[in-house]
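**Q**
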Amino acid sequence: MNNNVLIVGLGQIGLQYDLHLKQDEFTLTHSHAFSLHKSFNLLASVDPDKEHRNLFSLEYGLPSYSSLSEALKAHNPDIIVISSITTTHAYILDEVLTLSHPKIILCEKPLSYSLKDTQKMIDLCERQGVKLFVNYIRRSDPGVIEIKKLIETKKFKKIEDVYK
224 MNNNVLIVGL GQIGLQYDLH LKQDEFTLTH SHAFSLHKSF NLLASVDPDK
274 EHRNLFSLEY GLPSYSSLSE ALKAHNPDII VISSITTTHA YILDEVLTLS
324 HPKIILCEKP LSYSLKDTQK MIDLCERQGV KLFVNYIRRS DPGVIEIKKL
374 IETKKFKKIE DVYK
């Protein structure tokens, strides 16, 4: 049985990190990962930015919405990925649980900058029987740990800018 997935937020981790890489080279985003796995059916996405929505639709041949409520009227996702900016997580999660009944919500880290909002998000999911997962912190990734060790041992001369 395939699980239907809706991506909310098409920034770097939602769509763009691996958008211009060879398809088989890396899988760095939620959109790409869910599109590749046979147990998942990527349905659509939501983002306020028209250019991001167009990129998603062009890349995956799927609809993209500016409104979460519109997307949830059109689709019935089992899994909702919240990969928007942190300050919108609590609001989006609340809207998702008001308008739909997913099995799982995967939210980017951190859930919130507020302990009160974080607890509210957890409580809402528990009351509705929705499993809530938070994406892992990359500093626990073995590759990142190795790079950190190399930096600490001064194997690199100087890192000036990693975004050039």
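Numbering (my numbering), first residue to last: 224 to 387. C-beta atoms are modelled at their ideal positions from N, C-alpha and C, and glycine is treated no differently.
#1: Under the assumption that P197 contacts P325 (Cβ atoms under 8 Å), give the Cβ distance between them as a whole number of angstroms.
#2: Identify whether E369 lies in helix, strand or coil by the three-state DSSP scheme.
#3: Can you tell me the Cα-Cα spacing of S292 and K372, whole angstroms?
#4: Is it a yes or a no for the segment 329-337 touching the segment 302-321, going by three-plus beta-carbon pairs under 8 Å?
#5: Pairs of beta-carbons, one from the segment 261-275 and one from the segment 226-234, closer than 8 Å: are there three or more?
#6: Rounding to the nearest angstrom, what Cα-Cα distance links G458 and D247 in this structure?
#7: Can you tell which of L316, F279, F257 and L259 has its C-alpha closest to the C-alpha of G234?
#8: For the alpha helix (DSSP H) that F279 lies in, which residues bound it at each end?
**A** In brief:
#1: The chain is shown only over 224 to 387; residue 197 falls outside these bounds and no answer can be derived.
#2: Indexing the sequence shown from 1 puts residue 369 at position 146. Three-state DSSP puts E369 in a helix.
#3: Numbered from 1 along the sequence shown, position 69 holds the residue referred to as residue 292. Numbered from 1 along the sequence shown, position 149 holds the residue referred to as residue 372. Straight-line Cα distance between these residues: approximately 46 Å.
#4: With a cut-off of 8 Å, the segment 302-321 and the segment 329-337 count as touching, because enough Cβ pairs lie within range.
#5: Contact holds: three or more Cβ-Cβ distances are below 8 Å.
#6: As shown, the chain starts at 224 and ends at 387. That puts residue 458 outside it, with no answer to give.
#7: As a first step, residue 234 must be located in the sequence shown, where it is residue number 11. Out of L316, F279, F257 and L259, F279 has the C-alpha closest to the C-alpha of G234.
#8: Counting from 1 along the sequence shown, the entry for residue 279 is found at position 56. Per DSSP, F279 belongs to the alpha helix (DSSP H) from K273 to Y283.
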